[in-house]
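**Q** Mind looking over this structure? Questions follow.
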Amino acid sequence: MLFSQARKRDVVNTATATRVARVDGFVVLPGPARVALLRLGKVSGAGTLLAWEDVRGFGPDAVTVATDAVIRPPRDGLEQRAEDNDLEILGKRVLTERGMELGSITDVDFDPETGAVTTLITKTETLAGQRMIGLGGYAVVVSD
Amino acid sequence: MTAPTPMLLLRASEVTGRPVVTLSGELVAEIKDVVFERSGGRIAGFTLRNPGLFSRSRKDSLPWVGVHGIGRDAVMVADETVLIAANELASRKQSRDADVLQDRVLTDNGRDLGRVVDVVLHSGTSLDVVGYEVEASEALGTAGRHVFIPLPDTVAVSGENLIVPAAATEFVSEDLAGFGAAVGAFRARLREGAS
Numbered sequence: 000m001l002f003s004q005a006r007k008r009d010v011v012n013t014a015t016a017t018r019v020a021r022v023d024g025f026v027v028l029p030g031p032a033r034v035a036l037l038r039l040g041k042v043s044g045a046g047t048l049l050a051w052e053d054v055r056g057f058g059p060d061a062v063t064v065a066t067d068a069v070i071r072p073p074r075d076g077l078e079q080r081a082e083d084n085d086l087e088i089l090g091k092r093v094l095t096e097r098g099m100e101l102g103s104i105t106d107v108d109f110d111p112e113t114g115a116v117t118t119l120i121t122k123t124e125t126l127a128g129q130r131m132i133g134l135g136g137y138a139v140v141v142s143d
Numbered sequence: 000m001t002a003p004t005p006m007l008l009l010r011a012s013e014v015t016g017r018p019v020v021t022l023s024g025e026l027v028a029e030i031k032d033v034v035f036e037r038s039g040g041r042i043a044g045f046t047l048r049n050p051g052l053f054s055r056s057r058k059d060s061l062p063w064v065g066v067h068g069i070g071r072d073a074v075m076v077a078d079e080t081v082l083i084a085a086n087e088l089a090s091r092k093q094s095r096d097a098d099v100l101q102d103r104v105l106t107d108n109g110r111d112l113g114r115v116v117d118v119v120l121h122s123g124t125s126l127d128v129v130g131y132e133v134e135a136s137e138a139l140g141t142a143g144r145h146v147f148i149p150l151p152d153t154v155a156v157s158g159e160n161l162i163v164p165a166a167a168t169e170f171v172s173e174d175l176a177g178f179g180a181a182v183g184a185f186r187a188r189l190r191e192g193a194s
């Protein structure tokens with residue numbers, strides 16, 4: 000499933016059957032490349048992060064959670080940067096470990112069952128998710 | 000699906016201003032200058048400045064051994080721990096006119112080929128100094144023009160001269176694009192001669 004397709008999807012609490020948030024973005028971490036957190040919008044509480052482990056199902060029409068309590072604020076510096084959008088992968092430049100730029104990320108393909116990132120997509124390249132070494136404020140770094 | 004990495008040659012001076020980026024994707028600094036080592040005509044490393052328009056010099060620097068890869072768009076490092084104090088880098092070179100720029104390139108049979116204006120680096124699986132950009136002397140028949148002279152694996156240097164085998168003159172290139180093949184051919188020739 001592509002990030003572009005999965006964004007704006009409703010997050011539904013299965014206990015109350017109510018819509019509690021909307022998916023605004025994805026926090027990808029390397030080693031192995033995976034969706035670690037979802038960034039949410041239209042939340043009622045203070046938190047905007049949802050850890051992948053706390054997602055019950057990432058379905059074609061909605062993302063489900065068992066309770067609102069799993070939607071939470073950042074717990075550490077990395078999560079804070081994720082919430083601040085510093086680690087947003089979409090639009091980020093891609094550099095190889097040899098210092099060659101391969102364009103900017105336009106979309107990401109991931110497995111909605113596991114959260115594993117399968118493909119990084121730029122305007123000119125499709126890169127296997129396993130090639131991703133790092134993701135920082137400046138760039139996504141991929142192996143040669 | 001990984002395409003073979005083409006042989007990438009770049010001038011040391013072109014590295015100036017390139018971002019220094021960690022493998023975790025963080026911008027650390029920009030390259031300010033190249034520091035040459037007197038012994039062997041190698042590069043000791045790079046001085047750094049902070050990124051941005053009103054950038055300041057920094058007290059740390061990037062030693063050659065700390066470079067993971069140099070490409071067209073960035074200088075990659077494993078992480079910030081590879082940086083060392085700038086004065087530590089400077090102490091590795093000889094203090095008096097410590098770089099090879101403006102050195103005279105002399106063949107081992109005594110011909111002056113010209114003066115060094117830049118150093119050519121090869122970035123592949125390792126980083127090497129593979130040649131010099133030289134402002135050619137009369138001896139090359141292209142006096143005044145800039146040409147590229149390949150470097151053997153080892154080279155003798157003194158305070159002002161840099162000695163290359165006479166065979167190097169057969170592998171002089173006028174552009175950087177053709178120089179990669181010339182370096183390979185030149186080094187192959189030297190190996191044949193040695194065996």
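Here the protein sequences line up with chains A and B, keeping their order.
Going by numbering that gives the first Met the number 0, the residue at position 90 of the first sequence is 89; the numbering climbs one at a time, nothing skipped.
Going by numbering that gives the first Met the number 0, the residue at position 111 of the second sequence is 110; the numbering climbs one at a time, nothing skipped.
Each residue gets a CB set at the ideal place from its N, CA and C atoms; glycine is no exception.
Here the structure is a predicted model, which means the values were calculated and not measured.
Hey, residue 112 of chain B and residue 139 of chain B: beta-carbon distance below 8 Å or not?
**A** yes
**Q** Which partner residues of residue 127 of chain A appear in the DSSP bridge assignment?
**A** A:118
**Q** Any contact of the region 101-112 of chain A with the region 120-128 of chain A, i.e. 3+ C-beta pairs under 8 Å?
**A** yes
**Q** Using alpha carbons as the reference points, say which of B:86, B:33, B:107, B:147 lies closest to residue 115 of chain B.
**A** B:147
**Q** Suppose contacts are defined by Cβ-Cβ distances below 8 Å. Is residue 66 of chain A in contact with residue 12 of chain A by that definition?
**A** Closer than 8 Å, so yes.
**Q** Residue 146 of chain A versus chain B: which residues are under 8 Å apart at the beta carbon?
**A** Chain A is shown from 0 up to 143; residue 146 of chain A falls before or after that span and cannot be answered.
**Q** Give a yes or no on whether the minimum CB-CB distance between residue 92 of chain B and chain A is below 8 Å.
**A** Any answer about residue 92 of chain B is weak, because its pLDDT of 48 lies below 50 and its placement is not dependable; what the coordinates show is given next. It does not; no Cβ of chain A falls within 8 Å.
**Q** Do the region 61-77 of chain B and the region 92-101 of chain A touch if we need at least three Cβ pairs shorter than 8 Å?
**A** yes
**Q** So residue 3 of chain A is in the alpha helix (DSSP H); what residue range does that whole segment cover?
**A** 2-5
**Q** Cβ closer than 7 Å: which chain B residues qualify as neighbours of residue 102 of chain A?
**A** By Cβ distance, chain B contributes nothing, its closest Cβ being about 11 Å from residue 102 of chain A, past 7 Å.
**Q** Taking its Cβ as the centre, do 16 or more other Cβ atoms sit within 10 Å of residue 53 of chain B, making it buried, or is it exposed?
**A** exposed
**Q** Which bits of chain A does residue 48 of chain B rub up against, with CB to CB less than 8 Å?
**A** Near residue 48 of chain B there are no residues of chain A at all, since even the closest Cβ is about 16 Å away, more than 8 Å.
**Q** Quick check on residue 1 of chain A: buried or exposed, where buried means 16 or more other Cβ atoms within 10 Å of its Cβ?
**A** exposed
**Q** Note down, in chain order, each residue of its chain lying with its Cβ closer than 6 Å to the Cβ of residue 144 of chain B, except the 5 sequence neighbours on either side.
**A** 135
**Q** Contact criterion: CB-CB distance below 8 Å. Does residue 16 of chain B meet it with respect to chain A?
**A** no
**Q** What is the rounded straight-line gap between the Cα of residue 165 of chain B and the Cα of residue 65 of chain B?
**A** Cα to Cα, the separation comes out at about 34 Å.
**Q** Closer than 7 Å, Cβ to Cβ, to anything on chain A: give me those residues from the region 68-91 of chain B, in chain order.
**A** So the list reads 68, 69, 70, 71, 72, 73, 74, 75, given in the order they occur along the chain.
**Q** Closer than 8 Å by C-beta to residue 133 of chain A: which residues in its own chain qualify, once you throw out the five before and the five after it? Chain order, please.
**A** 29, 139, 140
**Q** Exposed or buried, what is residue 60 of chain B when buried is set at 16 or more other beta-carbons lying within 10 Å of its beta-carbon?
**A** Per the 10 Å Cβ criterion, buried.
**Q** Locate the beta strand (DSSP E) running through residue 57 of chain B, then write down its first and last residues.
**A** Start and end: 56-62.
**Q** Residues of the region 130-146 of chain B in Cβ contact with chain A at a cutoff of 8 Å, in chain order, please.
**A** none
**Q** Quick one: grab the DSSP three-state call for residue 186 of chain B.
**A** helix
**Q** Drop a sphere of 10 angstroms on the beta-carbon of residue 15 of chain A, count the other beta-carbons inside from all chains shown, and report buried for 16 or more, exposed for fewer.
**A** exposed
**Q** Residues of chain A with CB closer than 9 Å to the CB of residue 25 of chain B, please, in chain order.
**A** 133, 135, 136, 137, 138
**Q** Run through the DSSP bridge pairs and tell me what residue 206 of chain B is partnered with.
**A** Residue 206 of chain B is absent from the model: chain B starts at 0 and stops at 194.
**Q** Against chain B, with Cβ distances strictly below 8 Å, would residue 121 of chain A count as a contact?
**A** no
**Q** Where does residue 92 of chain B sit, in a helix, a strand or coil, going by DSSP?
**A** Any reading at residue 92 of chain B is ruled out, since the residue's pLDDT is 48, under 50, leaving its predicted position unreliable.
**Q** Just list the residues that DSSP pairs residue 29 of chain B with in beta bridges.
**A** Residue 29 of chain B pairs with B:18, B:48.
**Q** Which residue's Cα is closest to the Cα of residue 105 of chain B: B:83, B:27, B:187, B:168?
**A** B:168
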